[in-house]
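Chains as they are written, first to last, in our numbering: chain A, 166 to 395; chain B, 166 to 395.
Below you can see the structure in the form of C-alpha cells.
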C-alpha cells in the first residue's frame, strides 16, 4: 500500500507540530510527503502532476493546521483545481474510487470544547463534513481522522503515543482490530535495528515481544474455552 | 442598516447566476458589493482595508458558488488573513460581535440530494457548520442561509421570486414575521416609480397594495375575535 501525505501549511518551517510530524514520518519508499505551499510557491498547481501522484497511491492523507474550522486556502485551491469532473467524479471520473482518505490536523483548542455546550459548539465530526462529503463523492473510504489537540501542551509520553498513531495512520491497515494492532507493534519491534540500541534497551525490546506473544496465547486459549462453552 | 456583500468567484464574468445576482442587487447607498478576486487579482488581501469595511457595515454576507462543499479558496484566504486575533476573536477581538452574518451560495445539484440517503448524503446545514462555527466564534448572528439550487434550470417565475429573497437577505430585517414581510412588500410597491410603468402595470401595483391592506385588516379582526374567545 502506497500513501500520499498532502500537507498544506503556509509557514511549515516555523510550525513546531508540523516539524515534529515531518521527523516522525516513516522514511520508506511507500510514503510520499508532498507539501503544497513548498511545491507551488506561486500558488499555481500542476494538475497533471497531481493527477499522476493520486493515481500512484492507495491512501490519500490531508495534513494541515485547523484554520477557521477547515484547511488553509491552498488545500481548498488544490481540491477545486485537481478534483476535476472526469477524474474524481462524474462520467469516467473514478480514479479515486476505493482509495482510502484520511485527515490529520492540528487544533489549538482543547478537545472537550468541540461539542454542544462547549466553547466551539460543534463536534470535530460535524466540522469535517465537507471533507467527508468529498470522500463520499469521489468514492474514497473515509478513515477515522487523527486530530492533534494542543500540541504545545503535550507531554513527552503523549508525543511518543502520537508518533505511533501517526505511523498507523500512514501505514497500518485502517480500523485496526486488537489482533492487527498487536501484529503491527510486533512487526515494528522486530524491525528495530538492535545495533543502534543500548544493551538494556535490547532487553526491553525482547521482553516486550515475549510479553505480547504470551498475552496472545492466553487470549487464544480463552477463546477456545469460550467457543466450547457455547 | 448597512450591508457588505463579499463575493468570491474566480470567473464572475462567465457565471450566469452571479451576473443575475449582480443585476438583481439593490443599488442603494447602504449596500456595498465587494468582489474579492476582482479587488485582489494577485491574491494579496489588504487587511486594513478589509477591517475598515467590516467596521462600516452591520450585516456581512458571503456570496459564492458552492465548490467542494464550501467556498472558493479566495474566501478561505480572506477568512484566514482578515479574521485576526484581536480583531474578530480573542482579547478585545469584538469588532464583529452583534453583526449579522448571511450565506448566499449557488449549488449545482438538486436540493433533495442533500440529506441522508440522498446522493450527497449530508444536509446543507451540516455542510455549512464551519461557517456557522465562524459566526459563533466571532459573535455574529447566523442568518438563515439562501442556497440557490440549479440556477440554470430555474423558471422566470422562480427567478423573480429569487430576486425578492435576495433583496430581503440584503436589506430586510432578519427572520421576517409575516407582518414584517407584508410591510416590506408594501414599502417596495410604494417606492415603485409609476412614471416608469405602463398604465396597466400602475393599476396592478395599486391593486396589490389594496389587497395586502385588506388582508391585513381581515387578519387583525380575526385576531381580535380569537383573543376574545380565550
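Here a beta-carbon is modelled for each residue, glycine too, at the ideal position from N, C-alpha and C.
As the structure is a computational prediction, the values presented were derived from the model and not from experiment.
Distance from residue 238 of chain A to residue 238 of chain B at the Cβ level is roughly 4 Å; contact confirmed, criterion being Cβ atoms closer than 8 Å.
If you check the CB distance, residue 258 of chain A and residue 251 of chain A come in under 7 Å. In this model, residue 234 of chain A and residue 383 of chain B are separated by some 49 Å (Cα to Cα). Close to chain B, meaning a Cβ-Cβ distance shorter than 8 Å, is no residue of the segment 256-281 of chain A at all.
Positions of the alpha helix (DSSP H) runs, each at least 4 residues long and wholly inside the segment 214-285 of chain A, are given as 238-247 in order along the chain. With its beta carbon at least 7 Å from every one in chain A, residue 310 of chain B lies outside the interface. Residues of chain A whose Cβ lies closer than 7 Å to the Cβ of residue 299 of chain B are, in chain order, 233 and 234.
Within chain A, the residues 294 and 298 have their CB atoms less than 7 Å from the CB of residue 287 of chain B, given in chain order.
Think of a sphere of 8 Å around the beta carbon of residue 208 of chain A: the chain B residues whose beta carbon falls inside it are 208, in chain order.
Residue contact with chain A for residue 366 of chain B: absent (no Cβ-Cβ distance below 7 Å to any residue of chain A). For residue 372 of chain B, DSSP records no beta bridge to any residue. Across the set B/349, B/295 and B/169, the C-alpha of B/295 shows the shortest separation from the C-alpha of residue 303 of chain B. Per DSSP, residue 357 of chain B is not a residue of any beta strand (DSSP E), being assigned neither H nor E. The beta carbon of residue 253 of chain B sits closer than 7 Å to the beta carbons of 260, 261 and 303 from its chain, once the five residues preceding and following it are set aside; these are given in chain order. For residue 314 of chain B, the closest alpha carbon among the candidates B/271, B/284 and B/305 is that of B/271. Residue 229 of chain A sits close to residue 173 of chain A, with the two beta carbons spaced by under 7 Å. Interface residue (Cβ-Cβ distance to chain B less than 7 Å): residue 215 of chain A is not classified as such. By a beta-carbon distance limit of 8 Å, residue 169 of chain A does not contact residue 216 of chain A. Their separation comes to about 12 Å.
Of all residues in the segment 188-203 of chain A, none comes within less than 7 Å of chain B when Cβ atoms are compared. The C-beta of residue 244 of chain A comes closer than 7 Å to at least one C-beta of chain B.
The C-beta distance from residue 244 of chain A to residue 299 of chain A rounds to 7 Å, short enough to fall under 8 Å. For residue 248 of chain B, the C-beta contacts it makes with chain A under 9 Å involve 233, in order along the chain. Counting along the chain, the unbroken beta strand (DSSP E) around residue 314 of chain B starts and ends at 311-314.
Closest option to residue 305 of chain B, judged by alpha-carbon separation, among B/225, B/213 and B/166: B/225. For the 7 Å CB-CB criterion, residue 367 of chain A and residue 359 of chain A form a contact. Beta-bridge analysis with DSSP links residue 292 of chain A to no other residue. Ranked by how close their Cα comes to the Cα of residue 200 of chain A, the residues A/211, A/275, A/171 and A/377 have A/171 in first place. Ranked by Cα distance from residue 324 of chain A, the first of A/167, A/186 and A/177 is A/186. Within the same chain, 210, 212, 215, 216, 219 and 253 come within 8 Å of residue 247 of chain B by CB-CB distance, once the 5 residues on both sides are set aside. Taking 7 Å as the cut-off, the Cβ atoms of residue 316 of chain A and residue 180 of chain A do not count as close. Inclusion of residue 347 of chain B and residue 328 of chain B in the CB contact set at 7 Å is not warranted, their separation being larger than that value. About 6 Å separates the beta carbons of residue 191 of chain A and residue 335 of chain A, which is inside the 8 Å limit, making them a contact pair. The alpha-carbon of residue 279 of chain A is positioned some 42 Å away from that of residue 361 of chain A. Beta-bridge annotation (DSSP): residue 168 of chain B is paired with B/196 and B/224. Between residue 269 of chain A and residue 240 of chain A, the gap from beta carbon to beta carbon reaches 7 Å or more. Burial state of residue 395 of chain B is exposed, judged by a 10 Å Cβ sphere holding fewer than 16 other Cβ atoms.
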